[in-house]
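Below is one structure, written out as structure tokens; the observations come after it.
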Amino acid sequence: MTEVKSGDTVRIHYKGTLNDGTVFDSSEGRDPLEFTVGSGQIIPGLDSAMPGMQVGDAKLVNVAAADAYGPVQEAAQQEVPLSQVPDHIPLEIGAELQVETPDGQIMTVRVAALSDESVLLDANHPLAGQDLNFDITLVEIA
Numbered sequence: 628m629t630e631v632k633s634g635d636t637v638r639i640h641y642k643g644t645l646n647d648g649t650v651f652d653s654s655e656g657r658d659p660l661e662f663t664v665g666s667g668q669i670i671p672g673l674d675s676a677m678p679g680m681q682v683g684d685a686k687l688v689n690v691a692a693a694d695a696y697g698p699v700q701e702a703a704q705q706e707v708p709l710s711q712v713p714d715h716i717p718l719e720i721g722a723e724l725q726v727e728t729p730d731g732q733i734m735t736v737r738v739a740a741l742s743d744e745s746v747l748l749d750a751n752h753p754l755a756g757q758d759l760n761f762d763i764t765l766v767e768i769a
């Protein structure tokens with residue numbers, strides 16, 4: 628049988644969980660995830676688990692935060708005085724907002740903390756700092 632190698636386009640079904648068992652993503656009920664192995668299209672820790680697999684193989688892959696979305700970067704968090712936030716902007720913990728950077732780029736941030744005087748906006752990926760677990764099944768090598 629053919630084994631996956633770098634440069635192959637593959638399709639996998641997967642379920643991603645945190646260490647506490649919380650499911651954060653899954654392909655259940657959807658088409659399999661398609662990507663090219665070694666191309667940087669998916670997180671490095673999952674990508675590196677693909678070579679050597681054959682169609683029909685299943686495996687559990689544990690990915691350390693460093694090989695997933697990286698550590699939480701304090702530089703990607705900014706405390707903003709509430710006086711600088713327009714009244715029509717909903718501020719609740721976990722809410723995602725679109726902000727414009729000084730150079731005109733639009734980026735998504737999450738409300739990480741809220742006080743009477745300020746809001747902490749976090750531009751880190753929601754899974755930054757988390758170790759991830761994937762239950763994967765190789766469906767196809769294209």
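Numbering (my numbering), first residue to last: 628 to 769. Beta carbons: idealized from backbone N, C-alpha and C, even for Gly.
Coarse secondary structure for residue i, derived from DSSP in three states
| i | result |
| --- | --- |
| A692 | helix |
| Q668 | coil |
| Q711 | helix |
Delimiting residues of the alpha helix (DSSP H) encompassing residue i
| i | result |
| --- | --- |
| D674 | P671 to D674 |
Option in the options with minimal Cα separation from residue i
| i | options | result |
| --- | --- | --- |
| G756 | R737, E744, Q700 and H715 | Q700 |
| A739 | K686, L724, I733 and D730 | L724 |
| L765 | T644, D674 and G667 | D674 |
| G667 | Q681, A722, I716 and D694 | D694 |
| I639 | S654, L754 and V726 | S654 |
Nearest-angstrom Cα separation, counted from residue j out to residue i
| i | j | result |
| --- | --- | --- |
| H752 | P698 | 9 Å |
Terminal residues of the beta strand (DSSP E) in which residue i lies
| i | result |
| --- | --- |
| L759 | L759 to I768 |
| Q640 | A quick correction: the sequence has His, not Gln, at residue 640. Start and end: T636 to L645. |
Cβ of residue i within 8 Å of any chain B Cβ
| i | result |
| --- | --- |
| T649 | No chain B is present in this structure, which holds just one protein chain. |
Buried versus exposed call for residue i [16 or more other C-beta atoms within 10 Å across all chains shown]
| i | result |
| --- | --- |
| D652 | exposed |
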